[in-house]
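Undergrad: For reference, the structure I am asking about is given below.
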Amino acid sequence: MSRSQARGTGDGAGRDAGTRLGAGAGRDAGTGLGAGAGRDAGTRPGPGAGRPGGWSRRGFLGLLGGAGLAVAGCGGAAESAGELLASRVRLPEPFTVPLPIPEVARPVRPGRYEMTQRVAAVEILPGLRTEVWGYGGTFPGPTFELRRGIPAVLRVRNELPVPTSTHLHGGVNPPGSDGYPTDLVVPAGHAAPHGHPGEVHHPVAKDYHYPVEQRAATLWYHDHRMDFTAPQVWRGLAGMVLVRDEEEDALPLPRGERELPLMICDRSFEEDGSFRYPQAHGGHDHSHARDPDFMEGVEGDVILVNGAPWPVAEVTATRHRLRLVNASNARRYRLRLSPGGRFTQVGSDAGLLAAPVAHDTITMAPGERFDVVVDFSAYPPGSAVTLLNTLAGGPAGNVMRFVVTRRAPDDTAVPAVLSRPPGRPRPVAARTFDFRRTDESWTINGHRYRPGVPLARPRLGTAEVWRLTSDFHHPVHLHLAHFQVLARNGSPPAATDAGWKDTVDVRPYEVVEVLARFDGHRGRYMLHCHNLEHEDMAMMADFDVI
Ligand SMILES: [Cu+2]
C-alpha cells in the first residue's frame, strides 16, 4: 500500500482547478454533476412511474418492506436506505488499486493546525481525473492524530466556490467550534448566501477550538453546511481524526503499519471520471429543489476505501487494527470477511470498549465507526481475504481486499479487559424523537429543521433516555452527547451496539432507546439523521444544553 496521498496532484493543480471553478461555477454545479443526472439511473422505473406523492416506486415499496421487516424480522431490499445512482463510466477491476493511507496532519506549531479546503484533480479511477473538494485538496483529507489533554486549534481556510461548516463528528467541543450548519466559513468574493435565521459568516477562514478532553476514539470530520452537506461531502469534504490517550497506549494492540484507518464510502462517476450526483441535490445557492427519486438518499455503485476504488492492501500474517468509518451519504454496509474470519471489536464510535466483542459480520450505518482487530495469521500466506458488503449485490458487494504476504513476528494481543469506560449514569428525564416523513419532508417530531428552536433543553452533567422512533432507515447522530444503546424494540441491543456511541442505526419502524450523557459544554447542539440527503431535507433539530 502507499503511505502517502501521491494520488493527488498537489497544490498547483488544485489552484488551477479552483480558479476555473471560481465565481459562477456554483450556479451549475461546476464539477460535472451534469444536468439530469439520475434520470436514467438504471434500477428505477421511468419518471413518474408508481410514485405516489412524488416517491420512487422502490422507495414506496421499501417502506412497505420496512413494515414487513418489523413484522417478519427479515427482508433483503429493506436493508437498503438510498436509491442507486449508477455510474456512466466503465468501472475498474476491483482489487487492483493499492490502498492509500491519508497523510497525517502536521501542526504548524504545537497544538495548532491549518488546513485549506480547495478544489483539486485527483486520480480515483485509473487513468481518469476527478475534481474533488478536499480538505488540504485531498480526499479523504489528512488524518489528525490528537492526544487527550492537549487542546488543538484548527484553522480551516475556504478556497472552494461555496460556504462550508466543519463538524468534528464525535467531538466534545464548545458550541462555537461544533460546526453548526449556519456557522459558515464564506470564501472570498462570495455573495452572502441564504440568510437563514441566526446565520453567521466567517470571511475566508475560521479557527475551530478542540479541547480534546475525551477518551481515545475514532472520530471523523466532514462538512455540515446547511442544506448542502450531502453534495459537499460527496465531492470529498471528509477526513479522519484519531484521539489517543494513555489508556490506549497501555494496550498491546497492533500499531504503526499494522493500524489502518479505513474510510469507506460509495460514489458514482460520469464518463469523464467526474463525480456523478443528482442535479437537483447538487445545486449550490439557488435552489432547495430535490429530486423526488432520491428522497431516500443517494447510493453510488463504486465503493471507495480511503478514496480508492475497491483497493488492495498487502498485510503480514499478523493481527491488524482496522479503524472503520462509514463516511457514505446513505449506504449501509454489512461487512464480512471471505473466506471467513472474525472481527474482534475493541472500540465503538466514542472510544474503547470495556472488553472485546467478536463479530462474524458488522453492520455499519452512515456516520458509525468500528475499531476492530483482524488476525491474518488465520490465513495461509498467499491468501486473498476479501472484505465484502453482504447488503449489496453487484459491484457494491465488494469493499476491499487484503493479500496475506508472509508470516511475521507478532507480539500484539487483544486483552480481555480493554478499558474502564464511564458507567451508566441514572437518567433524569425521558424524551421521544420521532424520525419520519411528513408530506414531502423528512422531519423530527413532525418539524422540518428550525435553526435556533430547540426540541430539548437537557442540563449539563445529567443523562436522559432518548427514545428514537422511525419510519425508515435513519442513522441518528447526536452532537456533543455520547450515548449507550439500551434497547431495540424493547429487546436487548444488537452486539454491534456495544459501548459509548454518537450514531445509532435506527431501522424502519424500530424504537431504539439510548442513554445520553450531556457533558462538557453548555450551549446549542443538534441531533439529526446522518443519511446526508435526509439531513439536507431538514431532518435535524437543535437541543440546548443548559
Ligand atoms: Cu434519515
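Position one of the sequence shown corresponds to residue 64 (this note's numbering), numbered consecutively onward. In this text, a Cβ means the ideal position worked out from N, Cα and C, and glycines have one as well. Since the structure is predicted, the reported quantities are computational estimates derived from the model, not experimental observations.
#1: Tell whether a beta-carbon distance below 8 Å holds between E177 and R220.
#2: Just list the residues that DSSP pairs W505 with in beta bridges.
#3: Start and end of the alpha helix (DSSP H) containing W297?
#4: Could you tell me the distance, in whole angstroms, from the CA atom of G200 to the CA atom of P260?
#5: To which residues of the same chain is D91 closer than 6 Å at the C-beta, ignoring the five residues directly before and after it?
#6: When you measure from the CB of F496 to every non-hydrogen atom of ligand 1, does any distance come out below 7 Å?
#7: Which residue wins for smallest C-alpha separation from G145, given the options D560, M603 and H536?
#8: Hey, could you find the ends of the alpha helix (DSSP H) H597 is sitting in?
#9: When DSSP labels each residue in this structure, what does D270 get in the three-state scheme?
#10: Does DSSP put A104 in a helix, in a strand, or in coil?
#11: Between the segment 429-443 and the segment 379-393, are three or more C-beta pairs nearer than 8 Å?
#12: Any idea if I609 is buried or exposed, counting beta-carbon neighbours within 10 angstroms, 16 or more meaning buried?
#13: Between P419 and D412, what straight-line distance do the alpha-carbon atoms span, to the nearest angstrom?
#14: Looking at C-beta atoms only, is the number of pairs between the segment 505-525 and the segment 593-604 that lie closer than 8 Å three or more?
#15: Which value, in whole angstroms, describes the spacing of the CA atoms of V528 and V548?
#16: In whole angstroms, what separates the C-alpha of L314 from that of E503?
#17: In this structure, does DSSP put E262 in helix, strand or coil?
#18: Does ligand 1 have even one heavy atom less than 7 Å from the beta-carbon of M589?
#19: Drop a sphere of 10 angstroms on the beta-carbon of D646, count the other beta-carbons inside from all chains shown, and report buried for 16 or more, exposed for fewer.
#20: Alpha carbons only, please: which of V436, G190 and A441 is nearest the one belonging to R321?
#21: Is it buried or exposed, T94, if we count other Cβ atoms within 10 angstroms and call 16 or more buried?
#22: Is P170 buried or exposed, if buried means 16 or more other CB atoms sit within 10 Å of its CB?
#23: I'd like the ranges of any beta strand (DSSP E) spanning at least 3 consecutive residues and lying wholly in the segment 520-566.
#24: Give me, in chain order, the residues of the same chain whose beta-carbon lies closer than 7 Å to that of L385; leave out the 5 immediate sequence neighbours on both sides.
#25: Quick one: residues in its chain with C-beta nearer than 6 Å to the C-beta of D599, no 5 flanking neighbours on either side, listed in chain order?
#26: Could you check where the alpha helix (DSSP H) with E310 kicks off and where it finishes?
#27: Sort L590, A301 and N594 by Cα distance to P203 and report the nearest one.
#28: Below 7 Å, is the gap between the Cβ of M602 and the nearest heavy atom of ligand 1?
#29: Tell me whether R175 sits in a helix, a strand or coil according to DSSP, three-state version.
#30: Keeping to the same chain, check which residues put their C-beta closer than 6 Å to that of V569; ignore five residues upstream and five downstream.
#31: Any heavy atom of ligand 1 closer than 7 Å to the Cβ of C592?
#32: Given a threshold of 16 other Cβ atoms within 10 Å of its Cβ, counted over all protein chains shown, does V480 qualify as buried or as exposed?
#33: With a Cβ-Cβ cutoff of 8 Å, do W196 and H232 count as a contact?
#34: Identify, in the order they occur along the chain, each residue of the same chain with its Cβ nearer than 6 Å to the Cβ of V611, setting aside the five sequence neighbours on each side.
#35: Is it right to say I213 is buried, meaning 16 or more other beta carbons lie within 10 angstroms of its own, or is it exposed?
#36: Does DSSP classify S440 as helix, strand or coil?
TA: With the structure as the only source:
#1: For the purposes of this step, residue 177 is taken as the residue at position 114 of the sequence shown. For the purposes of this step, residue 220 is taken as the residue at position 157 of the sequence shown. Cβ distance < 8 Å, so E177 and R220 count as in contact.
#2: The residue labelled residue 505 in the question sits at position 442 within the sequence shown. The partner list for W505 (beta bridge, DSSP) reads R500.
#3: As a position in the sequence shown, residue 297 is number 234, starting the count at 1. First-last of the alpha helix (DSSP H) with W297: T292 to W297.
#4: On the sequence shown, residue 200 is found 137 positions in, with the first residue counted as 1. On the sequence shown, residue 260 is found 197 positions in, with the first residue counted as 1. If I take the Cα positions, the gap works out to 31 Å.
#5: The residue you call residue 91 lines up with position 28 of the sequence shown. For D91, the predicted structure reports a pLDDT of 28, less than 50, and the residue's modelled location is therefore unreliable. A value from the coordinates is still provided. Once the five neighbours on either side are set aside, D91 has no close Cβ partner at all.
#6: Your numbering for residue 496 matches position 433 in the sequence shown. Outside the cutoff, so no.
#7: Sequence index remark: in the sequence shown, residue 145 carries index 82 (1-based). Nearest option by C-alpha distance: H536.
#8: Here residue 597 refers to the residue found at position 534 of the sequence shown. Here the alpha helix (DSSP H) through H597 covers L595 to D599.
#9: Translated into positions along the sequence shown, residue 270 becomes position 207. Note: D270 maps to strand in three-state DSSP.
#10: The residue labelled residue 104 in the question sits at position 41 within the sequence shown. Caution applies to A104, whose pLDDT of 29 falls short of 50 and renders its modelled position unreliable; the model cannot decide the point.
#11: yes
#12: Looking up residue 609 in the sequence shown gives position 546. Exposed: under 16 other Cβ atoms inside 10 Å.
#13: On the sequence shown, residue 419 is found 356 positions in, with the first residue counted as 1. On the sequence shown, residue 412 is found 349 positions in, with the first residue counted as 1. Going from the Cα of P419 to the Cα of D412 covers about 14 Å.
#14: yes
#15: As a working note, residue 528 is residue 465 in the sequence shown. As a working note, residue 548 is residue 485 in the sequence shown. Each residue's alpha carbon lies about 10 Å from the other.
#16: Locating residue 314 in the sequence shown gives position 251, counting from the first residue. Locating residue 503 in the sequence shown gives position 440, counting from the first residue. If you take the alpha carbons of L314 and E503, they lie about 50 Å apart.
#17: Position 199 of the sequence shown holds residue 262. Three-state result, E262: coil.
#18: For the purposes of this step, residue 589 is taken as the residue at position 526 of the sequence shown. No, Cβ of M589 sits at least 7 Å from all heavy atoms of ligand 1.
#19: Only positions 64 to 609 of the chain appear in the structure, and residue 646 is not among them; the question remains open.
#20: To locate residue 321, count along the sequence shown from 1; it is residue 258. With distances taken between Cα atoms, R321 lies closest to V436.
#21: For this step, residue 94 is matched to residue 31 along the sequence shown. Low local confidence applies: a pLDDT of 28 at T94 is under 50, so the model's placement there is unreliable, with the coordinate-based value given in what follows. Counting Cβ neighbours within 10 Å, T94 comes out buried, since at least 16 surround it.
#22: In the sequence shown, counting from the first residue as 1, residue 170 sits at position 107. Exposed, by the Cβ-count rule.
#23: 525-533, 537-541 and 545-551
#24: Residue 385 sits at position 322 when you count from the first residue of the sequence shown. For L385, where only same-chain residues beyond five positions count, the Cβ hits under 7 Å are L323, L325, V435 and V437.
#25: Your numbering for residue 599 matches position 536 in the sequence shown. Closer than 6 Å at Cβ, skipping near neighbours: D290, T292 and A293.
#26: Taking the first residue of the sequence shown as position 1, residue 310 is located at position 247. Unbroken alpha helix (DSSP H) run through E310: E309 to D312.
#27: Here the question's residue 203 lines up with position 140 in the sequence shown. The residue with the shortest Cα to Cα distance from P203 is A301.
#28: For the purposes of this step, residue 602 is taken as residue 539 along the sequence shown, with counting starting at 1. Yes, ligand 1 has a heavy atom inside 7 Å of this Cβ.
#29: If you number the sequence shown from 1, residue 175 lands on position 112. In this structure, R175 counts as strand in the three-state DSSP scheme.
#30: Within the sequence shown, numbered from 1, the residue matching residue 569 stands at position 506. Taken in chain order, the residues that qualify are L531, S533, H537, V539 and V575.
#31: Counting from 1 along the sequence shown, the entry for residue 592 is found at position 529. Yes, the Cβ of C592 comes within 7 Å of a heavy atom of ligand 1.
#32: As a first step, residue 480 must be located in the sequence shown, where it is residue number 417. Flag for V480 reads exposed.
#33: On the sequence shown, position 133 is the one that residue 196 refers to. On the sequence shown, position 169 is the one that residue 232 refers to. Not closer than 8 Å, so no.
#34: Within the shown structure, residues of the chain are numbered from 64 to 609, placing residue 611 beyond reach of any answer.
#35: Against the sequence shown, residue 213 aligns to sequence position 150. Classification for I213: exposed.
#36: The residue you call residue 440 lines up with position 377 of the sequence shown. Here S440 sits in helix by DSSP.
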